[in-house]
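Input: a single structure, listed below in structure tokens.
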Amino acid sequence: MRVPIKWLRDYVDPRLAPEELAHRLTMAGLEAEKTERTGAGWDHVYVGFVHDVRPHPNADRLVLADVSAGEHRLTVVTGAPNVAAGQKVAIALAGARLWDTHSETPQLKTLKPGMLRGVKSEGMVCSEKELGLSDEHEGILVLDPGAPEGVPLADWLGDTVVEFEITPNLVHAFSVRGIAREAAAVTGQPLDEPPRFDLDAAPPGAGDLVRIDAPDLCPRYAAVVIEGITVAPSPDWLARRLTAAGLRPINNVVDVTNYVMLELGQPLHAFDRANLRGGRIVVRRAGNDEPIETLDHQQRRLDGEMLVIADAERAVAVAGVMGGVDSEVSAATTTVLLESANFGMASVRRTARLLKLRTDASARFERGLDPNLASDAAARATHLLLDLCPGSRVTAARDVYPSPVVPWAVRFPFSRFERVVGIAYPPEQVVSVLERLGFGVALPGGAGGDVIVTVPTHRTDVTIAEDVIEEVARIVGYEGLPDTLPAGRTPPVFRDPIALLQRRVRAALVGAGCYEAITYVSVSESMLAPFDSIGDRRGLVLDAPAADLLRLVNPMPGDRPILRPTLIPSLLERVAENLKHAPSVRLCELARVYLPTEPDALPREANVAAITLSGRREPLSRFAADPLPLDFFDVKGVVDAALAAAGAPEVEYRPFTHGALHPGRAAEACVGQTRVGVLGELHPRVAAGFGIENGRVAVAELDLDALLALGGDRSPVEVRVPKFLPVSQDFAVVVAKQTPAAEVERALRQAAGPLLTDLALFDVFAGEQIGDDKKSLTFRLTFASPDRALTDAELTKTRGKIEKTLAQRVGGSLRG
Amino acid sequence: MTNATTTFDTTLADLRDRALAALAVADDPEAMAAWERAYLGAKGELTGLLRGLGALSAAERPGAGRAANAVKQELTAAFAARNEAVASVSLEAQLAADAIDVTLPGRAPILGAEHPVTRMVAELGEIFALMGFQTVYGPEVETGHYNFDLLNIPSDHPARDVWDTMIVQSEREEIVLRTHTSPMQARTMEQTEPPVRVIVPGRAYRYEAQDASHEWMFHQLEGLAVDERITLADLKGVLTELARQLFGPQRKVRFRCDFFPFVEPGVDFAVDCAICGGGGCRVCKQTGWLEMGGAGMVHPRVLRGVGYDPDRYTGFAFGLGIERMIMMKYGVDDVRAFAGNDLRFLRRMARLAA
Ligand SMILES: [Zn+2]
Chain A
0 MRVPIKWLRD YVDPRLAPEE LAHRLTMAGL EAEKTERTGA GWDHVYVGFV
50 HDVRPHPNAD RLVLADVSAG EHRLTVVTGA PNVAAGQKVA IALAGARLWD
100 THSETPQLKT LKPGMLRGVK SEGMVCSEKE LGLSDEHEGI LVLDPGAPEG
150 VPLADWLGDT VVEFEITPNL VHAFSVRGIA REAAAVTGQP LDEPPRFDLD
200 AAPPGAGDLV RIDAPDLCPR YAAVVIEGIT VAPSPDWLAR RLTAAGLRPI
250 NNVVDVTNYV MLELGQPLHA FDRANLRGGR IVVRRAGNDE PIETLDHQQR
300 RLDGEMLVIA DAERAVAVAG VMGGVDSEVS AATTTVLLES ANFGMASVRR
350 TARLLKLRTD ASARFERGLD PNLASDAAAR ATHLLLDLCP GSRVTAARDV
400 YPSPVVPWAV RFPFSRFERV VGIAYPPEQV VSVLERLGFG VALPGGAGGD
450 VIVTVPTHRT DVTIAEDVIE EVARIVGYEG LPDTLPAGRT PPVFRDPIAL
500 LQRRVRAALV GAGCYEAITY VSVSESMLAP FDSIGDRRGL VLDAPAADLL
550 RLVNPMPGDR PILRPTLIPS LLERVAENLK HAPSVRLCEL ARVYLPTEPD
600 ALPREANVAA ITLSGRREPL SRFAADPLPL DFFDVKGVVD AALAAAGAPE
650 VEYRPFTHGA LHPGRAAEAC VGQTRVGVLG ELHPRVAAGF GIENGRVAVA
700 ELDLDALLAL GGDRSPVEVR VPKFLPVSQD FAVVVAKQTP AAEVERALRQ
750 AAGPLLTDLA LFDVFAGEQI GDDKKSLTFR LTFASPDRAL TDAELTKTRG
800 KIEKTLAQRV GGSLRG
Chain B
0 MTNATTTFDT TLADLRDRAL AALAVADDPE AMAAWERAYL GAKGELTGLL
50 RGLGALSAAE RPGAGRAANA VKQELTAAFA ARNEAVASVS LEAQLAADAI
100 DVTLPGRAPI LGAEHPVTRM VAELGEIFAL MGFQTVYGPE VETGHYNFDL
150 LNIPSDHPAR DVWDTMIVQS EREEIVLRTH TSPMQARTME QTEPPVRVIV
200 PGRAYRYEAQ DASHEWMFHQ LEGLAVDERI TLADLKGVLT ELARQLFGPQ
250 RKVRFRCDFF PFVEPGVDFA VDCAICGGGG CRVCKQTGWL EMGGAGMVHP
300 RVLRGVGYDP DRYTGFAFGL GIERMIMMKY GVDDVRAFAG NDLRFLRRMA
350 RLAA
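First to last, the protein sequences are chains A and B.
Per numbering that gives the first Met the number 0, the first sequence runs over residues 0 to 815.
Per numbering that gives the first Met the number 0, the second sequence runs over residues 0 to 353.
Written out as structure tokens, the structure reads:
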């Protein structure tokens with residue numbers, strides 16, 4: 000809400016510079032978002048008086064005006080059609096900085112005296128546009144006749160406008176008076192009231208002038224009928240205040256309703272009574288599909304739960320939202336019916352939402368207005384209208400208010416201030432702050448008893464002790480609040496098992512060279528399409544039926560509506576992006592995937608870790624002459640490291656088939672029957688789909704929840720520090736070419752028994768010497784015993800056993 | 000003294016003199032080895048001479064043997080000394096030949112790094128653990144019940160509009176991407192009795208157009224403490240502690256009244272800018288203060304909603320924006336970098352935060 004400080008000063012003199020006031024209010028909860036000064040740049044611009052206007056000797060469209068401004072007397076040449084002798088104008092002298100009206104883009108220009116068609120112009124009479132007040136440039140700005148000639152224009156017309164953010168609880172401060180009340184409380188200055196018309200003294204009018212058929216949605220409706228209205232443009236001061244507050248002046252009647260809305264927070268509406276059939280008001284629910292053309296010239300259809308203002312026959316306004324064109328005030332209007340009513344917040348909110356019509360009125364009603372404000376606003380608007388339309392008079396004033404709202408009490412132990420805030424406020428301070436805010440306070444038992452606070456009805460946000468406590472705390476200010484640490488019991492602190500596992504896995508991945516990424520949780524259809532598996536499921540290590548995946552109703556632009564069942568597609572986008580500048584990209588992410596459980600229920604949020612590797616394995620350096628691409632075995636090594644960090648026992652890799660992966664380079668990692676991970680190189684077509692055209696992309700995804708369920712046993716075991724030297728032996732095993740290395744390894748481990756401490760496969764060889772259908776795998780086995788040095792006899796025995804087992808289990812023989 | 004012994008002595012003396020003279024000019028390991036072979040080796044001269052002792056008479060033999068052994072010891076010692084000197088010179092020559100240009104680049108290990116958000120969450124987790132706060136996690140896909148209703152944000156209230164909610168398709172229940180980590184307040188309190196001290200780090204989502212300071216997915220850290228005597232001053236104390244651990248020991252925390260439906264009184268809190276010392280700079284937008292997040296005393300309606308007695312228990316809650324904290328601590332100027340995951344940014348942040 001934009002608040003011109005001069006307007007605020009009608010109510011309170013804060014005795015502070017606007018910036019300081021804005022800061023104080025901000026600290027008290029009324030956030031000033033920005034402060035603008037109008038007239039800050041009006042140096043060398045004064046209030047001038049036009050003594051005479053003469054024709055230009057050489058130009059029909061120009062005139063010469065003799066203007067004075069204090070000791071300055073000058074003649075200016077102007078083409079303004081509206082300049083006339085006797086006017087007060089804004090006169091700019093040489094050196095003034097004015098907005099250039101001939102420039103496409105807004106820019107300031109310094110005024111210099113110049114010759115216009117042979118006559119010297121010593122200054123300029125300004126339009127609103129030249130002063131930066133508005134876009135008005137048809138004629139010059141004509142000032143109020145009371146403007147004091149010779150004073151700087153900024154003193155007369157300049158103002159500071161502070162824009163406040165009105166949070167939903169601040170309905171009581173959604174007006175100039177409301178903010179003035181806050182300013183009075185913060186500064187301790189008195190609050191004034193503006194003049195009002197005494198409606199009680201007005202004739203009551205016909206008994207059926209106003210009828211409320213829906214009292215549940217309309218607690219109060221006050222109507223004032225004013226005859227003898229002359230619709231005309233508003234006077235300067237009114238138009239200027241509205242403009243400064245951000246509203247466009249329309250005519251005196253509409254402007255008064257807007258002015259009072261801004262001033263008091265109560266939306267008002269003026270009907271042309273001649274266009275109200277039956278001349279009366281009925282507040283009722285709309286008929287189903289009832290039509291109305293609103294002031295924005297939209298044809299709208301209403302439903303039976305929307306509240307309308309109707310005349311004897313038809314809806315003439317959507318209550319609390321917008322009026323209808325049929326009863327709009329026009330130049331021909333002479334009698335207005337002024338509405339100042341209260342409508343239920345939920346009803347207005349619903350209607351505004353359904354009609355997609357948010358107005359200044361609905362924004363206020365939606366927050367829950369005080370019904371007692373309606374009569375105040377009617378009286379204030381009536382005063383202003385009578386003032387602006389001499390000869391007009393009130394012929395009827397009707398106020399239907401069956402159940403008046405009265406102030407309520409909040410009672411609580413005074414000691415609660417200290418319990419909540421941690422400060423024992425002196426009782427006098429509490430009383431003084433609350434009274435400045437308009438609350439009644441009683442402390443019958445002093446600081447040791449209860450405090451009884453009577454809440455003014457405009458403070459709909461204050462209903463419990465804590466609300467009152469905040470009022471005191473915010474006005475006193477939080478600068479004096481001490482910092483203490485919570486005393487008392489500390490609950491036991493546990494470490495979350497999945498978080499611990501994630502930490503270990505993350506450390507392993509980072510240690511293996513991956514940068515951790517954090518990517519968006521939603522993906523598009525096309526990103527996810529390649530990640531299909533049997534039965535139209537989507538995902539990688541975990542998956543779900545494509546049709547059941549969770550979708551956003553309102554995805555961000557770019558259409559990524561699906562909550563992802565796999566992290567890989569989102570990471571691939573980042574890989575592609577990074578490959579534009581980085582020779583190799585290793586990314587990992589630890590995040591959740593969203594797996595549908597049952598319809599309309601929360602999904603299972605499964606914890607997974609994903610790895611994507613692409614580019615050259617080693618950085619460009621003098622050590623790596625041959626830039627080998629990262630491939631399956633790189634990601635497998637990273638997966639091994641991660642699984643080891645996760646404490647996974649006995650991982651087995653099996654060939655795997657998945658639509659997104661290379662048919663010959665993909666595996667699943669299993670522990671027993673549980674799949675804990677999927678890894679492989681991306682299918683080249685899928686990689687190309689993500690914009691990775693050349694080169695391999697190795698990916699993996701691990702199911703951390705499964706790993707947690709499997710491993711996890713970190714209870715103590717016996718760890719004996721090695722004391723005897725180990726013995727290493729190499730075994731070159733010749734097997735059939737198609738025999739998986741893992742099977743040979745399993746046979747070796749089984750045969751080697753408990754003395755085996757380490758096993759490494761370090762050579763794979765195929766060649767004529769061993770036969771075309773064979774391969775040779777060379778392992779180095781390391782043996783050790785915790786309690787003795789191994790003897791040659793033991794090792795020879797083990798070797799014999801290995802030889803036998805290899806022959807039996809994998810048809811292998813030892814070479815060399 | 001016989002003739003034979005005289006001859007033996009002469010030969011021995013001659014051998015000794017020649018050997019020492021030859022040793023003095025041996026100046027590399029090969030010459031040293033040749034010398035050793037020639038004089039002290041199994042087929043060397045001295046060994047030969049000792050073998051000749053048998054030709055002497057029994058009376059002459061002991062004296063001659065002693066003299067020969069003395070020469071052997073002398074030559075052996077001289078060899079050892081000379082050998083060490085020659086070896087040392089030779090090693091030095093070898094090392095000199097082995098010298099490298101130490102300014103050449105080293106073999107770079109392949110290093111990764113945690114995401115800056117992870118690091119900040121971990122750092123905050125440590126700081127709060129020291130103050131007795133347990134880290135808990137909650138669902139990112141939430142019901143309207145937990146995300147709004149239990150937090151005193153009823154569906155017909157305009158306060159609900161403040162959160163630009165991303166909604167998940169659902170026929171029955173209202174399901175959303177959580178707009179804040181606050182739903183875990185209610186979930187935690189439903190599951191435990193006071194005292195409660197938890198922090199909740201995690202992702203949160205708002206339907207918001209992206210720009211340098213807005214991102215639709217971001218990370219928050221929620222804090223909650225409930226017990227019989229928790230006050231707003233305790234909240235300020237905990238946040239001051241946080242600010243000092245994170246931004247330096249001199250930092251001050253400022254509270255400003257603000258509105259959040261689930262706290263009353265509600266505040267937003269700021270820390271004085273460590274970069275400019277409060278004088279105003281780009282990072283603090285010339286205000287001298289860095290706004291960190293919202294906080295306040297848990298609203299009695301929230302306490303009652305989870306079955307806590309608000310007359311007996313009070314509590315505080317606060318919410319921090321993780322990306323915001325990183326941006327303020329390190330002067331990062333575009334929030335979109337966090338989901339952008341550009342390796343250049345991640346590397347730079349890893350170095351900064353190390
Ligand atoms: Zn600063």
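C-beta: ideal position from N, C-alpha, C; glycine also.
Quantities reported herein were computed from a predicted structural model and do not represent experimental measurements.
With distances taken between CB atoms, is the gap from residue i to residue j smaller than 8 angstroms?
i	j	result
A:Glu465	A:Val419	yes
A:Ile610	A:Val733	no
A:Arg392	A:Glu289	no
B:Val266	B:Ala232	no
A:Val252	A:Thr381	no
A:Ile211	A:Val282	yes
A:Leu678	A:Val720	no
A:Phe707	A:Glu680	Rather than Phe, the amino acid found at residue 707 of chain A in this sequence is Leu. No, these two residues do not count as a Cβ contact at 8 angstroms.
State the DSSP-derived secondary structure class of residue i, mapped to helix, strand or coil.
i	result
A:Leu805	helix
A:Leu612	strand
A:Asn693	coil
A:Asn606	strand
A:Pro753	helix
B:Met0	Per-residue confidence for B:Met0 stands at a pLDDT of 49, beneath the threshold of 50, marking its modelled position as unreliable; no derived number is given.
B:Ala12	helix
A:Phe438	coil
A:Arg418	helix
A:Leu29	coil
What are the residues that DSSP puts in a beta bridge with residue i?
i	result
A:Cys669	A:Glu651 and A:Arg674
A:Ile308	A:Val282 and A:Ala316
A:Lys773	A:Ala735
A:Tyr45	A:Ile90 and A:Pro151
B:Trp288	B:Asp271
Taking the alpha carbon of residue i as the point to measure from, which residue in the options has its own alpha carbon closest?
i	options	result
B:Thr187	B:Gly330, B:Gly51, B:Ala58 and B:Leu302	B:Leu302
B:Glu73	B:Leu39, B:Ala86 and B:Ala224	B:Leu39
B:Val270	B:Arg253, B:Leu149, B:Leu234 and B:Arg50	B:Arg253
A:Asn250	A:Cys388, A:Asn168, A:Val209 and A:Gly323	A:Cys388
A:Ala378	A:Ser414, A:Arg349, A:Glu338 and A:Arg352	A:Glu338
A:Ser120	A:Leu353, A:His55 and A:Glu700	A:His55
Just checking residue i against ligand 1 - is the residue's beta carbon closer than 7 angstroms to any of the ligand's heavy atoms?
i	result
B:Val282	yes
A:Cys125	no
B:Gly287	yes
A:Gly448	no
B:Ile274	yes
B:Gly330	no
B:Gly247	no
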